[in-house]
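Those protein sequence lines, which keep their order, are chains A and B. Oh and the first sequence: position 137 is 137 in this note's numbering, straight run, nothing missing. Oh and the second sequence: position 42 is 1042 in this note's numbering, straight run, nothing missing. All residues carry an ideal CB built from backbone N, CA and C; glycine is no exception. Because the structure is a prediction, the values reported are computed rather than measured. Right, one structure below, let's go through it.
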Amino acid sequence: MARLLVDSLDVRYGTHIVFHKASLTVTAGSISGLLGPNGSGKTTFFDVLCGLKKRECGEISSAFSKLLYLSQIISTPPVFRMFDIFKMTMLFCSDTRVTQQHALDKIEKWSPGIAERYCEIWNKKSALCSYGEKRWFFTLSLLCANADLVILDEPTAGVDPEFRYHIWRCLEGAAAEGVAVLVSSHNVDEIVAHCDDFYMLSQRRFNRFTDAQGFMGAYDAQSLDEAFIHAASLPKG
Amino acid sequence: MDFYFVSRPALLAALFIKEQLREPVALFWTVVSPVVTYYLLTYARAPLSSEAVDYLSKTSWFYAFVSSNVALFGLAFYIVGRRESGFLRSFVYTDRTKVVFLIGQFSAYSVVSILYCSVFYMLTRIFSGEFDVAEYLVILGRFYVCFLLFSIPALLLTLVPLGFQNASTLFSILSLTMLALGIISMGPVSPALAIVGFFNPMWWANKIMLDGVVECGLVFWVVAISLVFLFLVMCRYLLIDPVWSRY
């Protein structure tokens, strides 16, 4: 089974240490979550995985053939309709032509009943789409681009509960077909509910958990948010 | 390697051209405003002449200016815009996608430069004489070489970590400075200004428009080789992360 293995990663900006001996594994067919406070290094970690930021030391080995990444903030050319933006995106993200029908077939299979909404946004002018609609559209489109490792930086931020529900259904559908998904979020509940495993970025390392009890127990907390706060406030050492 | 794979830069260029054509303000500012200026100056100075040689000597600075604007505010400024919007960070970070993006962007603005030159030619030829296909093609060839010339400093500026607003200001200053120095160099100038003029791309562009590509063969080859080298540099050092982001 294909894996992404990160072992003893050290990353720094000047004298500021972001990661020290951080390790993480993402497996094909599963969703791995990444939790961490603002500024803790989640996006930096994704930059390292994409080869945009150099690491001090540590090993990264990936058996995946095609990595796709959706950044936290993206704005689209306002004069385009979303189908033009879909075409533009696919020119970069897929080595083969991806059509609307291809995307609709997959999305409908993963989350029945959503194809009609996807078509509505497909024809909508980019300038008239809300931020949540764009993120929803981009996330679902990227999942259709035939990648085997998909990294999503807070895909549900600013997305309403309905679209958030469909994003997670599609992520689960893609994972069931063998795609490995690494997703970051500040919403602890959704990460715990939907991910096969998740990592809390604390004390410059990734601490792995598989369930809510283990997470709350490790940080001596009564709730998921309390566990997050305790983990984030630990001294960096 | 299938057809879709190799045609991706062309498909991308078609989308970028579509995007540019849906920005009528850009067309107005880049082409129509020089046309209006041209007519104002022409009417203020002398009656219109229909001779081709007079036409080129009257319009060479305008063509040079328009080509510089396509390179600076089209080719380069849109690279900065796509970086600052996060588009490059999301989709253009591998060597392959950088090549697709750069070829697509350059192809798109090559077409846009030809389009702008054609619009300028037609608008300025309406009252000064008949449309002449041979003359049009000669001007088009010279104009495109001018666009290639200005693409070098324009692309180099995209490698400077400037935000959207600062890039806009710098490009405007550069455009105006090149034009001012070029116009100053038309009359008798001091040796110091002559040296400055020699390094002014606008002066060279005006010379290409007046003398022709063959007569400026050395300039053409320097531009062509520099662009190939610059393409390789861009593939390696294209800035991906928005400057406004923390890193």
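Using beta-carbon distances, S1090 of chain B counts as an interface residue toward chain A, with a partner under 8 Å.
Taking a contact as a CB-CB distance under 8 Å, the pair F163 of chain A and G132 of chain A counts as one, their CB atoms being some 6 Å apart.
In the DSSP assignment, the residues bridged to D7 of chain A are A:E59. With respect to F1101 of chain B, V1092 of chain B sits close: the two C-beta atoms are nearer than 8 Å. Residues of chain B with a Cβ closer than 7 Å to the Cβ of P77 of chain A are, in chain order, E1019. Contact check for L68 of chain A against A157 of chain A fails: the beta carbons are separated by 8 Å or more. In this structure, the CA atom of R55 of chain A is about 10 Å from the CA atom of S8 of chain A. Between L171 of chain A and V159 of chain A, the C-beta spacing is not below 8 Å.
K21 of chain A carries a strand assignment under DSSP once its states are collapsed to helix, strand and coil. One alpha carbon belongs to A2 of chain A, the other to G178 of chain A, and they sit about 9 Å apart.
The Cβ-Cβ distance between L1210 of chain B and L1056 of chain B falls below 8 Å. Looking at A:Q213, A:H20, A:M200, A:F64, the one whose alpha-carbon comes closest to that of A231 of chain A is A:M200. When secondary structure is reduced to three states using DSSP, A180 of chain A falls in the strand class. In this structure, C129 of chain A and M82 of chain A form a Cβ contact; the two beta carbons are roughly 7 Å apart against a cut-off of 8 Å.
Annotated three-state conformation of G33 of chain A is strand, per DSSP. Nearest neighbour of V1213 of chain B by Cα position, chosen from B:N1200, B:R1089, B:F1106, B:V1145, turns out to be B:V1145. Neighbourhood of R1022 of chain B in chain A, by CB distance below 7 Å: V79, in chain order. When Cβ-Cβ separations below 8 Å define contact, M216 of chain A makes no contact with chain B. Taking a Cβ-Cβ threshold of 7 Å, none of the residues of chain A is close to I1103 of chain B; the smallest such distance is about 11 Å. The beta carbon of V188 of chain A sits closer than 7 Å to those of L35, L224, D225, F228, all from its chain and outside the five residues before and after it, given in chain order. The CB of S1168 of chain B never comes closer than 8 Å to any CB in chain A; the least such distance is about 17 Å.
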